[in-house]
Each structure stands twice: as structure tokens, then as C-alpha cells.
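Chains as they are written, first to last, in our numbering: chain A, 13 to 347; chain B, 13 to 347; chain C, 13 to 347; chain D, 13 to 347. Here is the structure we will look at.
Take a look at the structure:
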């Protein structure tokens, strides 16, 4: 199915995360036809597996049909290395299961694409992951007989961004795919969050590829099976959010907080309080944008956060892609 | 006067910037006894010179007595190199005038201290400035007769932060001052802003030194004449702000915006709208803090912003401190 | 002509620089048939223009037929910014002339490839140049009518190295060329020098592309018109050299030095002194290699040298490729 | 004993490493009065413990009286992480033993000084070690009752170099020692090697402090007990060497190699071959220096080598200084 067949444009702006889209579509205990979901929680890590099975389900929650897995780790920003190791291990196991669920075999060759910009820290997730991927394709090309068991062909490139290369990263990836001929593309990208709590605490895996308008940069072309000729799994982490998002997000929390103390809330907030969330966000944007104040912001400690989560993803991928790499000690393969 | 003689603790939390403190103390056209002020605007750069002349003035606006100069350049984040050069030149001229106003002669030896943390981009302002300072003290020590005219003795150190050194930066600076014996200390530090528009657009010069609680880090001891034995000029730039500040700041703007469209505002915002600014900020903090969501945030493009403004300050200082460095082409001395 | 038609393999190991190959082929004042050459010297910069016009000439000096321009600037390592600016201006003028000499028009679209490895400083020349190239292709693609006069379509990518991507950089470039369709490729690469004096002081421009075995890395496939379908200009700078090269190079100088003091040299050096240069180099390699001591080394100050020479090349290219960029002040466009 | 009491100036130029000085002083099996030595080899790591017990011993080998421990790991440049972990563990055990041998108790507070220049990779060893030291002094100062058992007070600063601060690093350290009052200083520094094989493969620990003229930079003042008032342990790693050293070093190997094949060597090398090593080195320097070619060079892969060896030292120190940090898994505490 192409983007054209299912017009998601009105939804596309809402969120890059399937779990958020699901929340916005209705209460969690009311099933949505065409949307299968299960969640498990263990040691501070919540894993949600979702399958949007039909166009009906896709329309209901505003996300492309496909498989989605989300890891939510609220404490991930604390810098706890034990937790980071457990997240990497969980990521590895989920990713392995994800590959087999969508039919990617243990011999399939893989090309990891790190989208984003080296020089903009919160957008450097993709390049940082690529830097720590254990690449093996060269051995399969040059001396296939000597590659030990338990490895597959893996390659990895950070194609840069339009503003620094002059070429859409989608075009660069497409060109490389044509010459390197992988069976699958994995694209790692930084996303804009819809709430402060998600920034650098959530990782999403999806088999829908990268679509125009997602991620931090302005991508005019996506990375999808239609464009690349091979399937594309997207790994995304929210690393920035709009000032207006913080405001709107916080106002919800303030109203909720005040409601708990005063049942009759209407006079408390007046017209502003009774606005729908979308209207209020629109108003906030109307005020901030003309002044150039609706900035994308990121936590002060972003350098450390990005490094940590890039290591989690890279070591998780190394363990998931190569059987010979042990999922119980994945961190040893990155630095 | 020491910190003890004038208790500014209730004010200290409000703002590190004298121009903001002045705004909060009353309308700009109503004079405040003991506070002299003048402002000029030229080519997108507003320069405000303030002199808090008495304890009465200090109490009125909640800042230490002393001289303050502020450069406000709303467009500084645009990456316009011409504007950056003009800001550097303006900074150099203002700094030169500032030195002579407070009685620092052309031969006084100077020690530039870059406070903050290399590894936390929005806190790296001080270390980045130090990296581009033209140091000359070694020539004055080793071959004083051969130093050309138009230079003075300048040294520069980035002492690191408590969390990475185990020693208060104030103690490190004090130790170096005792052995290097400069006539004046200039301390460069990143600050927390009270509004999004100030982030990386405002530079403050003050002869009051650095006081506990100012800047981004948690400084328990300051850098003042009392502690160091020599005067200390502080140069500060807001580079981060709290999520709660963004919310409160934006709510002001939203209310202002709505008032302009509907004269009768009370029912519009209810109790929330009629709260005093401080109360509302308190409420927002009460909601965000328990969740760990009152993060310090910084613009996504902070890497570039910090580099640009550090270059402005370093090249401005080089021109102001060394007569032989031309104020009209200050940028050539940094990279 | 392809590589296959002219077997240069016995020569290929000798040197990547045409001026060195020419020196090794015979005294400078004895013309070599099929090799045209002229040199000019100005302000510490020697420019040598060479045209290897025939296979006879190519065989005589062991380099592919084609145009070569070399800038030799012995003082370039001194960190003199005035000299750097003059080298950038000279480079820009020579490159512009080179383009017109080989028939590349002012509208030809250009793709700059930065070969090498970000994380290995002396091999980071290509990526550093790419970072400072003024890319414009995106404007020609998205809003061709609005591009001002004096610019051409320029794009730039650093494809990484085989060891970190798993894909030959030649394959990556080929894929990008197929989708981005430039008229010309410019490949920037770090080279191994044959003498200490050349390290970071020499820049070569050649229209022969990149051939297997050149540069620092082990390139199995080249970047040539045969492979890419469009012409490829190579820009190379020697940034490393073998320990054995230093030894052999220095022994020459020592023998020369001693000869000047004692006419009868044979008993001075014995068998070792009377060896041919190649034999002696072979002996030195035989001794060092088994111990793993024939390291590639680079000057201690390589971080600064690489940054400086990358800026020279990037600002020179920006001025040469875009008429609107002034060759007299090229440095302003890089940082 | 001060530097003045024992004039080592004629020896000082020879080598910073005690094991090299010992080699130069005579055959290993001939005891030198006043010099005690033992060596052990295990898993590719040779540990040499030396005690220069008297002025007689000091004069004989040209090094200050004191304790020296050297780790030689010829394979350390191979990037083998297992070996790196074993070196870190060995370093930790040797350093712990060293501390108790020279009478430093488990409660002694320690100040780690990282000498050298961040921006010059082969000189960045000290700053990189400091970045990974587990500092605890702040807890002992602010909440001494809450510090867990098995930790001591550790602080760490990288003071920069004279060329970028304008202040001798010795003066900066002295000033900090006066305010921070540690019981012991540990100074980490990069050294110039006397042979290619030592570069980034050898670590020396010595209780003699840092003396003028040692290390890479030009240090006019040292870091000794005389100057600091507290003892100073120096940790040094050779990371660069002179081009002339490579030549001389290799010529030895070449002559040795040729002798093994031809018993009658005199006619093989002539006068040059029969020169004493010092004379030959002098001749090589005479030839290279006027041309500016006696560069300090470093291996091409220096970025990785320095990072690896800095991690070895930092994790080794963390384990040696804090009992609570396990010597068997020291690497987990650095990144």
C-alpha cells in the first residue's frame, strides 16, 4: 500500500508514536476494530506490541497499518547503567522477535541507516547508532567462506541531511540500496515528542518505514518499501519537543491537578479551560509562532542522553542481528 | 559590601539579569531612586547601561549595587555572521568603556575564568570562550621586555565543575588567583533565562562578580572581591530555561493576546487567569516537579548557538583587553 | 582509457603525487616526451601544472595520462592565517582554470565526495572538507527559479570507509551518482607522503579520478569515469607517511650531507650507502615490518594541520565553484 | 632531595622511562649498586618494579632516586578489549601496591592532575584520564557522614597548558593544592618515546613527580614535593617520538639485522655504521633540524590509542583508589 492510498495527512501532524496515537483515539480498555495490542511491564520497562491490521484500524488511530513495538522507560534519563543494559537486552529480544514476526530470516542482509545531523546533538541519534553498529558486509563480500557462524551481512551509513549534503537522504539511501542490495533497511531517526516525559525515554520499532513529515528534519521523501524496493523498519526516539507542546501538555496537567482539588472547575479556568486540547494548542501556537518563540527544545543534558540511548540501540541491534553476539552482554560491543 | 550585609535571598531566585529585575520592579518610565539607567538601540542591538547606586536601589529591584551593561540582540539566533560581527564590536566597545568606568587601567593584568562544563553543551559557554581568548601572560612573565605595545597580561582557565572535579570552581579560581596574582578576574558563565526570547540572545556584563545560586550549576560559593581579593566582572548569557518558565511565560502572552480581543477577560480565564504571576509559576512547578518534568531545556540548535555566542564574547574580549587588537575586525582572532 | 589498458601497477606503489613521480623519472631540465610541465612560484607557493599527454609520457613517469596541478607550500604547517588565505585564493584560481581547461562549464552540477574516516584525524580530510562545502543542489531541485546568479548546483557527501560502513565507498558514491546525477564528481582524499616535508604542505588536483591503492585506506575499487559514468577530479593531500619512508628519506639527506664534507664517500657508508634507494627502502621495510613497527605516522599537531588545510580546500572550492563567491575573501565562507 | 642536589641535566634528555635508562646503563644481568629491580611477565604484560635507592644508583642510570613501576604491553595497540581489561586490572593492582610501598594509606585524599592539551590528540592523555576519574571529594566536603565505606576523597583537574592558559600548569596545580589540600598528587602526562615500539604500549608509575623538561610540552617548573608540599606520583605514557628517533632506532635494527647475515660488518656500513649511537643521532638531528623536519610524530590511529590507554589508566586508578571499586571489573566505571 502506498501513502497515496491511505491519506493520513490530517493525522500525520499528531504524533510519530503509535502508543500516543492509540491513547488519543479513545480509552485503553475500549477495543478498536483492526487494532491488536498487548503490553507487559518488567523492571521499569513497559513493552507495548501493537498490530494495526486493517485500514479501518489505521483510520481510527491515524497511523499506517503495520507492526509497532514501543519500549517506555520513564527512568532512562537517570543515567543508571544497569537499567541501560537491561533496556538494551530487552530491545535486542523484542527486535529479534519483531524480525521473525514480519518474516525476516536469520540470513537476510541488513543495511542500517542513521538519519539526522552529526552537528545538531538531539538530531545525532541516527549517526551515533551507526557509529556503533558491528558491520560485517565487507567480510561476506570479500571472503564469504571465512565468516564464522552466527553472523549475518550488516552494513551501516549515516547519509547526512539535506541542508548539509544538498541531496535528500532518501535519494542517498535509495542509491546505496541499489548498489549494496540489502534484503532489509533499518532506519534510525530522532523524533519530536508530544510530551516532556517521552523525551529520551521511549523507543519505537515499526515496520512502516519512514514517512514524509516524520522525524525532526523536514523530509520530503520517505524511506518505504515503495521507494526502496525492500522493506524498511523504522526505529525512532523522541529527543525534542516544541515549546507549545510543553505549554499545552503542562496546562492539561495543571487543569487535572486543580480539578482534583475543586470539583466545579469551570469558573476556575473560564473559556481557556474549556477549550478542546487542539484548540488550545492552536491558540498557544498562534501566540508563540509570530514571535519565533515556538522553538524546538531539548533537555540541557542532551549530550549524555543521546549518547546513552544510541548505545542502547546500537548494542541491542548488534545482539539482535548477529546470533553470535550474546543478548546478555550486549553493551560490550559498543563504547 | 559583602553578600551578608544585603540580604538578597528572596530576590536571588527571580533573575540573574538586571534588565529583567528592573522590568519586574515597575514601569520603565517611573524612575527608581538609586537606580540610574540609559539605553540605546542600533542595528538590532539594544544596549542598556544601569548603575545601582545605593542599597535603596538594590532593594527596590533585587540586584546587588554595581554597574550592569546588557546587550539584547533578538535576532542573534538567526546565524547571521554580519550581525555577529557587529555584536562582537559593540561588546568590545562597551566592555572597554565598562573597564574604564570602574577604574581598571590599560595595564591591569586580567584572568579570564570560563565557568561551566565542557560536556554539557548549554553549560559549555565559559570553556568555549576561554579556548578562544588570546593569552599573553606567559610572555609578560618570561620575556617582559619583548612584548609589543598594545597588549596586556591576560590568562585564561576553565576550572571545570564540582561534579567532575570534586572541587568547587570557586576554590580552584581562588587558588590560581593566589599564585598567578591578576589585578582583575573576568568570569564567563551560562545562566538560566526567565523567557524563551532571551535564550542565546542576551549578554550581561556586571562588576558584582558571581554569587551563589546564579548560573546553571549549583554554586555554593561565589566569585567576588571578598573571596578572591581582586574585583570580579561577570559576563553571563542565558542558555537554558525551565519548562515551568516556558509555560508561565507563554501563559502571560496568551492572556495578553486574548485580552486584546475581548475586553472582559475574567470569565475567559477564571481563577487561573487572575492568579499573580508568582502564584501561577508556583502552581505550575508544583505540578511538574513531582513528576520530574520541570526540566531545564535548551533550543535544539544549541551546539551552533553556543559556538556563535562564545565567539562573539571571545573576540569582543580580545579586542577590549588588547589595544593592539582592532575592534573593527575582532572576529579574525577566533575560529 | 581504462586502468586495464595501461598497466601502472609497478609504478602505482611509488607515489600518489605527479610532481614526485616526475622527479623520480629524471632531472627536471631534461624534457620527457609526452609530458608538458610549467611551474611558477609566488609568495611561498609553488604551483606546478603538468599534462601527461600520451601513454609514452605515462609510462615514463608512472602516472595516468591527464592533467595535474600541484600546490607546494613548505611553510603551510606554521599556522600563518595570512598564508592560508593566500593558498585558498591560489587554489580557487587554479581550480577554476583547471575546470575550464578540462571543459567543465559554469553550469555543470558538481558532487563533492569526502573520502576517509571521521574518527581517524589524519584520514578525516575529506569529511572535514565536505562539512564546509556550500551546498546548493537542494535549491536547484526545489525552487530552481529562485536561485540567484553566480551559483551552480553543488552537493557533498562523506561516504565513510569500508571498515565502518561495510560497503566500499566507491559503491556508495556510485549509488548516489545514479540518483543525484551530477555532471562531475570531485573526490577529496588524504594520501601517504613519500617525504616528511610534504606532509600537510602539498595539495594535488588531478582529472584522473581515484585509483585502487591510492590514498590512506585500502581501496579496492576506484572512482573513475569508467565506474561512475561522469568524470572525477581528485584532490589529494599527503597527511601520513610510513616510518620506513622517514628512515629512507632521512638517510638520503644524511648521505648527501656527508658527501658535501668528504668527497670520497664509499668507505663512509659501505654497502649500505651504495645500495639503490629502492633496495635500501626494501631492507628497512624488511626489518620493521615483522615487528609491526612500520607504522603510518603523522605529526603531533595533526588536529590543527588537518583543520587548517581542510578549510583552505573548502573555501577554495566554494570560491571556484560559485562565481558569486569572491576569490579574494574565500575564508569567510568556512569556519 | 631537590633537583639541585642531584644534577641530572646531562641525563635528562635521554629518556623519561626508568626501564630505558636502565637498559642504557649496562647489560641487564650485571647488577648496578643502589638499583634494585625485578620483573614479571604474564599474559603479554611485563611488569618491572625498580627502586633507585641511592645517589650512586641515580647517577649510574641517570634517573632520580625513587620507586618506578613499568607496564610494557607490546600488543596494546591492537585494540583487543580483553587485553585492555587485563592491563587495567594489572595497573590497578600494581598501583595499589605502589601506594602502600611508599606509605600512602587508604584514607589519604588524592588529587589527580591531567597534564596536557585537550586539542592536541597525542597530548590529551592527562585530560582524558581526568574526564573518567570517579571524583568523590565533594561528598567528603559536603556530607562526610554519608559517604559509604570503601571510598576515599578523590578530586581531578586538567589545568591546561601554558600556551592556552598563559599560566604554568605547575602554578595552577600549586594554587589548587593550597586550597583543596590533598595528601597526595597524581600527575598523568604524555611522554616522548625513545622507540616506536614504546608508543602507546608502555605505562610508567614513579614517585618522583614531574620534572622540568619531561613530558611533551616545555615545562619550566615541575610538580614535586618541594614545590607542592605534598608527594607527587607521576604516571606517564609515551605517545609521540621524534623523526630522528625513528631513524636512529631503525638504523640500529638495520645494522643488527645485517650483522646477523654478514659477520664482517665494517665495510658494510663504513664510518656511519661505526659511529656511536649518540653521535649518529646527533648527525641525524643536524640534518633534519635546519629543515624543520625533526617533527614529533605519532601513529595515524592516535585518536583510538589515546582513548584506549586513557580508559585503562582511569579505570585502573578508580579501582586502586577506591576499595569499593572492584579490580576485577574496573572497565565498567569509564566510558
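C-beta: ideal position from N, C-alpha, C; glycine also.
Minimum Cβ-Cβ distance from residue 183 of chain C to chain A less than 8 Å
Nearest CB-CB separation between residue 183 of chain C and chain A: below the 8 Å threshold.
Output, in chain order, the set of chain B residues within a Cβ distance shorter than 8 Å of residue 166 of chain D.
Within 8 Å of the CB of residue 166 of chain D, the CB atoms of chain B belong to 178, in sequence order along the chain.
Is the region 251-259 of chain B touching the region 133-144 of chain B in the sense that three or more CB pairs, one from each, lie closer than 8 Å?
Between the region 133-144 of chain B and the region 251-259 of chain B there are three or more C-beta pairs closer than 8 Å, enough to call the two in contact.
Residues of chain B with a CB under 8 Å from the CB of residue 188 of chain D: which are they?
Neighbours of residue 188 of chain D on chain B, chain order: 179, 183, 184, 187, 188.
Taking C-beta pairs closer than 7 Å, name the residues in chain E that residue 174 of chain B reaches, listed in chain order.
This model lacks chain E altogether, as its protein chains are A, B, C and D.
When burial is assigned at 16 or more other CB atoms within 10 Å of the CB, is residue 112 of chain B buried or exposed?
Classification for residue 112 of chain B: exposed.
With 16 as the cutoff for other CB atoms within 10 Å, does residue 161 of chain A come out buried or exposed?
Around the C-beta of residue 161 of chain A, fewer than 16 other C-beta atoms lie within 10 Å, and the residue is accordingly described as exposed.
Residue 62 of chain C: buried (16+ other C-beta within 10 angstroms of its C-beta) or exposed?
Buried, because 16 or more other Cβ atoms sit within 10 Å of the Cβ of residue 62 of chain C.
Suppose the cutoff is 6 Å on Cβ atoms and the five residues either side in sequence are ignored; what does the same chain contact list for residue 210 of chain A look like?
For residue 210 of chain A, where only same-chain residues beyond five positions count, the Cβ hits under 6 Å are 250.
Whole angstroms are fine: how far does the CA of residue 256 of chain C sit from the CA of residue 296 of chain C?
Each residue's alpha carbon lies about 6 Å from the other.
Any idea if residue 42 of chain A is buried or exposed, counting beta-carbon neighbours within 10 angstroms, 16 or more meaning buried?
Burial call: exposed.
Contacting positions in the region 126-139 of chain D - beta carbon closer than 9 Å to chain B:
Answer in chain order: 130, 131.
For residue 326 of chain B and residue 58 of chain A, what's the separation of their Cα atoms in angstroms?
Counting only the Cα atoms, residue 58 of chain A lies some 47 Å from residue 326 of chain B.
Is the Cβ-Cβ distance between residue 127 of chain D and residue 181 of chain D less than 8 Å?
The Cβ-Cβ distance between residue 127 of chain D and residue 181 of chain D falls below 8 Å.
Spatial distance of residue 330 of chain D from residue 146 of chain A (CA atoms)
Answer to the nearest angstrom: the Cα atoms are 29 Å apart.
Inter-residue Cα distance where the pair is residue 140 of chain C and residue 30 of chain C
Those two C-alpha atoms are separated by around 24 Å.
Please name the residue in A:34, A:71, A:243 whose C-alpha comes closest to that of residue 121 of chain A.
Of the listed residues, the one whose Cα sits closest to residue 121 of chain A is A:243.
Other residues of its chain near residue 260 of chain C: CB distance less than 8 Å, five sequence neighbours each side excluded
Correct list, in chain order: 289, 292, 293, 296.
May I ask you to report which of helix, strand or coil DSSP gives residue 40 of chain A?
In the structure shown, residue 40 of chain A sits in coil (DSSP, three-state: anything other than H, G, I, E or B).
Answer yes or no: does any C-beta atom of chain D fall closer than 8 Å to that of residue 191 of chain B?
Under the Cβ criterion of 8 Å, residue 191 of chain B is counted among the residues facing chain D.
Is residue 147 of chain D close to chain B? Criterion is C-beta to C-beta, closer than 8 Å.
At least one CB of chain B lies nearer than 8 Å to the CB of residue 147 of chain D.
When B:177, B:198, B:143 are compared against residue 332 of chain B, the one with the closest alpha-carbon:
Check the Cα spacing between residue 332 of chain B and each of B:177, B:198, B:143: the tightest is with B:198.
Closer than 7 Å by C-beta to residue 78 of chain A: which residues in its own chain qualify, once you throw out the five before and the five after it? Chain order, please.
Excluding residues up to 5 positions away in sequence, 64, 218, 219, 220 lie with their Cβ nearer than 7 Å to the Cβ of residue 78 of chain A in the same chain.
Could you spell out the range, first to last residue, of the beta strand (DSSP E) harbouring residue 50 of chain D?
Its beta strand (DSSP E) spans residues 47-54.
Exposure label - residue 223 of chain B; buried when at least 16 CB within 10 Å:
With 16 or more Cβ atoms within 10 Å of its Cβ, residue 223 of chain B is classed as buried.
Which two residues bound the contiguous alpha helix (DSSP H) that contains residue 138 of chain B?
137-143 is the extent of the alpha helix (DSSP H) around residue 138 of chain B.
Output, in sequence order along the chain, the residues in the region 229-254 of chain D whose CB is closer than 7 Å to any CB in chain B.
The residues in question: there are none.
N- and C-terminal bounds of the beta strand (DSSP E) containing residue 84 of chain B
Where residue 84 of chain B is concerned, the enclosing beta strand (DSSP E) stretches over 78-84.
Take every Cβ of the region 313-322 of chain C, pair it with every Cβ of the region 87-94 of chain C, and state whether three or more of those distances are shorter than 8 Å.
By the Cβ criterion, the region 313-322 of chain C is in contact with the region 87-94 of chain C, since at least three pairs of Cβ atoms, one from each stretch, lie closer than 8 Å.
Taking all protein chains shown into account, decide if residue 345 of chain C is buried (16 or more other Cβ within 10 angstroms of its Cβ) or exposed.
Any reading at residue 345 of chain C is ruled out, since the residue's pLDDT is 49, under 50, leaving its predicted position unreliable.
Run through the DSSP bridge pairs and tell me what residue 167 of chain D is partnered with.
Answer is D:123.
Less than 8 Å separating the beta-carbons of residue 189 of chain B and residue 241 of chain B?
Between residue 189 of chain B and residue 241 of chain B, the C-beta gap is smaller than 8 Å, which places the two residues in contact.
Alpha carbon of residue 73 of chain A to alpha carbon of residue 45 of chain A, nearest angstrom:
If I take the Cα positions, the gap works out to 10 Å.
Cβ pair residue 187 of chain A, residue 328 of chain C closer than 8 Å
With contacts defined as CB atoms closer than 8 Å, residue 187 of chain A and residue 328 of chain C fail to qualify as a contacting pair.
So residue 169 of chain D contacts chain B; which residues on that side make the cut at Cβ distance below 8 Å?
Neighbourhood of residue 169 of chain D in chain B, by CB distance below 8 Å: 171, 172, 177, 179, 184, in chain order.
Under 8 Å, do residue 142 of chain D and residue 100 of chain D count as touching if we go by C-beta distance?
If you check the CB distance, residue 142 of chain D and residue 100 of chain D do not come in under 8 Å.
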